[in-house]
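Working notes, beginning with the structure itself.
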Amino acid sequence: MPEPSPATANYSRQKIVLIILSLAIGGFGIGTGEFAIMGLMPNVALDFGITEPQVGHLISAYALGVVVGAPVLAIFGAQLFRKHLLIALMAFYALGNFASAMAGSYETLMVSRFVAGLPHGAYFGVAALVAASLVPLNQRAKAVSFIMMGLALALLFGNPLATLLGQHLEWRYAFGFVAVIAAITTVLVFVFLPLNRDEVRHSSLSELRAFNSPQILYPLAIGAVGFAGMFCVFSYLAPTLLNVTQVEPIWIPVGLFVFGLGGFVGNILGGWLFDRFQFRSVGLILLWAAVVLALFPVATGSLWSILIACFLVALMVAMGPALQTHLMDVAHGAQTLAAASHHAAFNLANAIGPWLGGMAISAGMGWQVTGYVGSATAVAGLLIFLVAQKQLSGERAPSARS
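Below, the structure written as structure tokens:
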């Protein structure tokens, strides 16, 4: 677990708040950049003359960028000071989203979204480690939740705002907005985060050796598979509202706001559950997700029922802080790589969810089929959890006897 260093122990409360706020603004920008295209799916499809499932491939391209970039950048950045690494990652993110705003074709946008996704996981992972190192051990989960709060606020405010920008101006302005937030974060981190020369750094090889542990790999697999259901529903929410619920386009930002509200509550709920149930909280969240996602197709017939369903499905975000904190407890010697890979796993879910949903929709099963697909992935994640929990219990038993 990251512990406060002698240097950070002398920081004032105000300085710690400014550092965490700066990092959370970066999380807000990244969350907005990741989810913006989901609300603008009809606009992008119309502009490039493609189908909505093809726009879903852009979501998968970004997610795969995170999957590739998180471990690679974490490994190569393990020997850098965290301040320098965070500045480089945010500057890179600003450039990737500026390139997305300037893309002149579907293929160019596909590449730009992949590039923009590369620094995502490493930023969140390193930011979480920095936040945890600023506070006593009994407050680290709370500090990490504040970083994740930026992501939740992106769902709540950033994504609806980006959708409104795209609807009333052009979808490109949404990515320009994200690029500006990333640039501002780069400046804030440079100004407010001191360079801590006492922080513990590991070599790339030592991080890789420590990373190869079932205690780390099982939680990552749970996130990659179990969380895909939320992304499956969320990615196709806009066309579901238009084609199944049959509402006006102005209701799309409302649906995204309600989804974001559920994510905001889920982020808080995840920390609360983990404090009380530890790793078992992940199983409870997956069980909830399997049931709610299975009921989602039934709720798509009316506006009010689908809005309630959006809120309930988005509570799955609780899995994020729960798994992140668990990884901090078990990733001894591989802090940077494990923290970054946590977000890679969630974005692998972001690639799997839209891909599976798009295949089912293209097969003629209807937009609401995303709920059934998502429920199946939640059940699969629950099965992985049961295997991981059995192994964890088996490891604890000899320790208890000794």
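So for the sequence shown, my numbering puts the first residue at 4; every next one is plus one. Quick reminder that beta carbons are idealized off the backbone N, C-alpha and C, glycines included. Just so you know, these numbers come straight off a predicted model, no measurement behind them.
Quick one: what does DSSP say residue i is sitting in, helix, strand or coil?
i      : result
Gln170 : helix
Ser365 : helix
Pro139 : coil
Phe84  : coil
Trp275 : helix
Pro197 : coil
Trp370 : coil
Gln281 : coil
Thr380 : helix
Ala185 : helix
Ala106 : coil
Ala403 : Interpretation of Ala403 is limited by its pLDDT of 48, a score under 50 that renders its predicted location unreliable; no figure is taken from the coordinates.
Pro9   : Residue confidence for Pro9 is low, a pLDDT of 49 falling below 50, so the modelled location carries little weight and cannot support an answer.
Leu386 : helix
Ala391 : helix
Name the two residues that bound the continuous alpha helix (DSSP H) containing residue i.
i      : result
Ser308 : Leu306 to Ala317
Gly120 : Tyr109 to Gly120
Glu251 : Element bounds for Glu251: n/a, residue is neither H nor E.
Thr243 : Leu240 to Thr243
Ser25  : Arg16 to Gly42
His53  : According to the sequence shown, residue 53 is Ile rather than His. No alpha helix (DSSP H) contains Ile53, which DSSP labels as neither H nor E.
Pro222 : Pro217 to Gly229
Leu330 : Met322 to Val333
CA-CA distance, residue i and residue j?
i      : j      : result
Ile90  : Ser308 : 43 Å
Pro9   : Leu83  : Here the model assigns Pro9 a pLDDT of 49, short of 50, so the residue's position is not dependable and the matter cannot be decided.
Ala48  : Val114 : 16 Å
Ser108 : Gln327 : 37 Å
Ile253 : Leu168 : 12 Å
Leu198 : Leu318 : 36 Å
Gly374 : Met331 : 31 Å
Gln57  : Gly258 : 22 Å
Ala130 : Gly30  : 9 Å
Leu395 : Leu132 : 24 Å
Val376 : Val192 : 40 Å
Ala383 : Gly229 : 6 Å
Val138 : Ile23  : 11 Å
Ala302 : Val316 : 11 Å
Val285 : Leu172 : 41 Å
Ile150 : Gly323 : 11 Å
Ala224 : Ile387 : 7 Å
Pro357 : Tyr14  : 43 Å
Leu76  : Pro122 : 7 Å
Leu159 : Phe260 : 5 Å
Val295 : Gln371 : 13 Å
Gly266 : Gly274 : 13 Å
Asn46  : Gln170 : 7 Å
Phe95  : Phe195 : 19 Å
Asn246 : Asp50  : 19 Å
Ser103 : Gly369 : 30 Å
Phe282 : Gly124 : 22 Å
Val268 : Ala292 : 15 Å
Ser25  : His329 : 24 Å
Leu287 : His345 : 19 Å
Leu118 : Tyr65  : Here residue 118 is Val; the residue named in the question, Leu, does not match the sequence. If I take the Cα positions, the gap works out to 7 Å.
Am I right that residue i and residue j are in contact with their C-beta atoms under 8 Å? What's the rounded C-beta distance?
i      : j      : result
Leu67  : Gly80  : In fact, because the Cβ distance is near 20 Å, the residues do not count as touching under 8 Å.
Ala227 : Ala352 : 5 Å
Ala185 : Ala73  : The Cβ separation is near 17 Å, so there is no contact.
Ala27  : Met152 : 6 Å
Pro163 : Gly52  : With 8 Å as the limit, Pro163 and Gly52 do not qualify as a contact, their Cβ atoms being about 26 Å apart.
Met41  : Phe237 : 6 Å
Ser378 : Ala297 : 4 Å
Thr166 : Met93  : Not really, about 23 Å apart at Cβ, beyond 8 Å.
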